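Everything on this sheet refers to the single structure shown next.
Numbering (the numbering used here), first residue to last: 2 to 348.
Okay, structure coming up:
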């Protein structure tokens, strides 16, 4: 009783789930279980945690009542990009195809002011979501350990994070690069350049690694001047092509980590009077809608957006309802789509 009175007199300065755990004398995982109304927490512990939450107004009272009552039928989605992003638009279509089946709605938790001190867990608690999807972040953006320790069911898209209640889904990026290199080698190309995405991102790094492995397996030379580090945008592809054109021995083929990068490459080539595919062949990655309608139509690696989206929801649903469900790591196959941007090497 005395300790309770002392606690009420001194502000606790609760900022995140770790503070709640510390003041309640329990683990972060236990706090998460209380918030998500898991049954395997004693009534005494549950009441102690909820009392701190109520006293410190850590979350709105209406949300607290919802947490105590049980399910919210909502999934949160953390984004760093707008909903109009070509990749996200297609993945969302896959998600929406199964949302009705699992009985959930998605709450978009986009924020233009994310910072490393921001608590994703606290945001989840404030919105009373039963699980979360995380898209567009890099490993260094947040302390994702807090999310993993909370045991809030989580699915990461294009980010290889595994935890007790967290898994991920991504395309087979390494095999995709090998497929692209083998295709260009069949067209007699040996000088194959690469426009990489951000190397501090999972897909940027692994696609670059796949490109290097593919060259080695094909017996083709790795030339550092043929590497341009970008950020998946049209502008980075445009800049890369400008630099390749200045080389004494320019590449005869270019693989890009995104279709937008490939579009930038083709635009820069056109401005310089370089023919695609007559002078240089170009391969993209994604198969966004624009790649089918540009000139020349883009040869690209097609990601299975519908499967990525639908499986992220279905696997998250299994984690929410099955506490012992093994954390999934789903690698989705891709497909080479041959169009008009590649031709037999003239050299």
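Note that CB positions come from ideal geometry on N, CA and C, so glycine has one too.
This one's a predicted model, so the numbers in the text were calculated from it and none came from an experiment.
Between which residues of its own chain and residue i is the CB-CB distance below 6 Å, once the five residues before and five after are set aside?
i	result
residue 49	25
residue 215	178, 179, 182
residue 161	169, 203
residue 342	277, 278, 283, 297, 299, 300
Quick one: give me the first and last residue of the beta strand (DSSP E) that residue i is part of.
i	result
residue 301	300-303
residue 346	It is not in any beta strand (DSSP E) - residue 346 carries neither H nor E in the DSSP assignment.
residue 330	330-333
residue 106	106-109
Rank the options by C-alpha distance to the C-alpha of residue i and give the top, closest one.
i	options	result
residue 126	245, 36, 222	36
residue 220	262, 186, 339	186
residue 324	109, 47, 152	152
residue 268	129, 106, 94, 298	298
residue 286	301, 277, 294	301
residue 278	327, 339, 133, 128	339
residue 235	248, 260, 227, 288	260
residue 331	240, 170, 304	170
residue 22	40, 47, 39, 41	47
residue 266	128, 237, 293	237
How is the alpha helix (DSSP H) around residue i delimited, first residue to last?
i	result
residue 314	306-322
residue 77	Note, residue 77: premise wrong, no alpha helix (DSSP H); beta strand (DSSP E) at 75-80.
residue 181	174-187
residue 44	44-56
Under the three-state reduction of DSSP, which class applies to residue i: helix, strand or coil?
i	result
residue 295	coil
residue 153	coil
residue 287	strand
residue 338	strand
residue 134	strand
residue 1	Here the chain comprises residues numbered 2 to 348, so residue 1 is not present and cannot be evaluated.
residue 195	strand
residue 171	strand
residue 220	coil
residue 229	strand
Work out the CA separation of residue j and residue i for me, nearest whole Å.
i	j	result
residue 66	residue 317	In this predicted model, residue 66 has a pLDDT of only 41, less than 50, meaning its place in the structure is not dependable; the value taken from the coordinates is given anyway. Between residue 66 and residue 317, the C-alpha separation is close to 24 Å.
residue 150	residue 56	24 Å
residue 258	residue 252	16 Å
residue 176	residue 137	22 Å
residue 69	residue 31	Residue placement at residue 69 cannot be trusted, given a pLDDT of 41 that sits under 50; what the coordinates show is reported in the next sentence. Rounded to the nearest angstrom, the two C-alpha atoms are 15 Å apart.
residue 192	residue 140	33 Å
residue 80	residue 249	42 Å
residue 44	residue 303	51 Å
residue 1	residue 208	A question about residue 1 goes unanswered here, because the residues of the chain that appear run from 2 up to 348.
Starting from the C-beta of residue i, find all residues in its chain whose C-beta is less than 7 Å away, skip the five residues before and the five after it, and write them out in chain order.
i	result
residue 205	197, 198, 199, 258
residue 130	73, 75, 76, 77, 108
residue 270	242, 277, 281
Between which residues of its own chain and residue i is the CB-CB distance below 8 Å, once the five residues before and five after are set aside?
i	result
residue 34	41, 42, 152
residue 244	229
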